[in-house]
Amino acid sequence: MYTCADCAVRACGTPEPEDLPKNCPMREREMMDRALEKYSLSENRDFYVTASEIEAIGYCQWPRVKETVQLCLRMGYHKIGLAFCRGLSWEAKVFSDILRRAGLEVVSVICKTGGVDKTACGIPEEHKIHPNEFEPMCNPIAQALLLNEQHTDFNIALGLCVGHDSLFYKYSDALVTTLIAKDRVLAHNPAGALYCAEGYFRGRNT
Ligand code: SF4
85 MYTCADCAVR ACGTPEPEDL PKNCPMRERE MMDRALEKYS LSENRDFYVT
135 ASEIEAIGYC QWPRVKETVQ LCLRMGYHKI GLAFCRGLSW EAKVFSDILR
185 RAGLEVVSVI CKTGGVDKTA CGIPEEHKIH PNEFEPMCNP IAQALLLNEQ
235 HTDFNIALGL CVGHDSLFYK YSDALVTTLI AKDRVLAHNP AGALYCAEGY
285 FRGRNT
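Just so we're aligned, residue 85 is where the sequence shown starts under the working numbering, counting upward by one.
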């Protein structure tokens with residue numbers, strides 16, 4: 085089992101690592117080589133190099149919005165899919181306008197598309213936010229299928245719920261990046277809970 089998150093050695097950050105931890109994944113030479121080979125595949129190479137160049141050019145200067153727009157432009161994408169949460173409709177509109185001003189075409193699909201009540205997919209009535217009322221389900225699979233049908237070059241997830249985002253990633257034909265990770269309590273900054281985990285939030289970790 086690998087436990088990089090607990091490692092104090094961090095030999096992977098040195099050019100000629102010695103004294104690897106016993107369970108260091110870098111001991112899996114064959115798997116490391118297999119991973120490296122995949123960056124040479126045409127489907128990955130330009131994308132990975134471009135993303136890494138953006139990391140360097142905008143390092144500590146460009147906000148994620150700009151990094152995302154730049155990735156689309158530098159990859160030569162034209163049609164961008166935006167799968168967004170109804171709760172972040174305003175953010176989706178602002179971001180769509182930014183993408184369009186950059187010369188990109190935007191196909192956007194809201195999470196509630198389909199207008200299907202939550203019970204239709206097996207969610208018990210008592211597990212709705214407001215039981216016994218119509219409550220449209222989030223529909224990340226439909227979001228993905230609709231963007232697939234539109235043949236988007238690249239998709240962006242904006243504020244999809246935890247787990248709903250996973251299904252969107254699963255069914256999207258195009259590669260996906262996430263602009264906003266939803267956190268209704270922390271202004272969409274999930275890292276805030278980590279920064280406070282050993283302070284004010286102690287004891288609230290689960
Ligand atoms: S890859 Fe190896 S050296 Fe790097 S953090 Fe993981 S265990 Fe530590």
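For glycine and all other residues, C-beta sits at the position ideal for the given N, C-alpha and C.
Linking residue 228 to residue 158 through their CA atoms gives a straight-line distance of about 23 Å. By the neighbour-count criterion, in which 16 or more other beta carbons inside 10 Å mark a residue as buried, residue 256 falls on the buried side.
For residue 99, the three-state secondary structure derived from DSSP is coil.
With a cut-off of 7 Å, the C-beta of residue 99 is classified as distant from the ligand SF4, since no heavy atom of the ligand falls inside that distance. Checking the 7 Å criterion, the Cβ of residue 224 is out of range of every heavy atom belonging to the ligand SF4. Residue 104 has its CB nearer than 7 Å to a heavy atom of the ligand SF4. Secondary structure at residue 124: coil, using DSSP grouped into helix, strand and coil.
Note that the stretch 218-226 touches the stretch 187-207; at least 3 beta-carbon pairs, one per stretch, sit closer than 8 Å.
Taking C-beta atoms as the reference points, residue 175 and residue 240 fail to come closer than 8 Å. In summary, residue 281 is exposed, with fewer than 16 beta-carbon neighbours lying within 10 Å of its beta-carbon over all protein chains present.
Beyond the five residues adjoining it in sequence on each side, residue 215 comes within less than 7 Å, by CB distance, of 209 in the same chain, given in chain order.
Judged by DSSP in its simplified three-state form, residue 252 adopts helix. Between residue 190 and residue 155, the gap from beta carbon to beta carbon reaches 8 Å or more. Each residue's CA atom was taken as its position, placing residue 87 and residue 117 some 20 Å apart.
With contacts defined by Cβ atoms closer than 8 Å, residue 243 and residue 168 form a contacting pair. Within the same chain, 263 come within 7 Å of residue 148 by CB-CB distance, once the 5 residues on both sides are set aside. Residue 252 sits away from residue 161, with the two beta carbons spaced by 8 Å or more.
For residue 276, the uninterrupted alpha helix (DSSP H) run begins and ends at 275-279, by DSSP.
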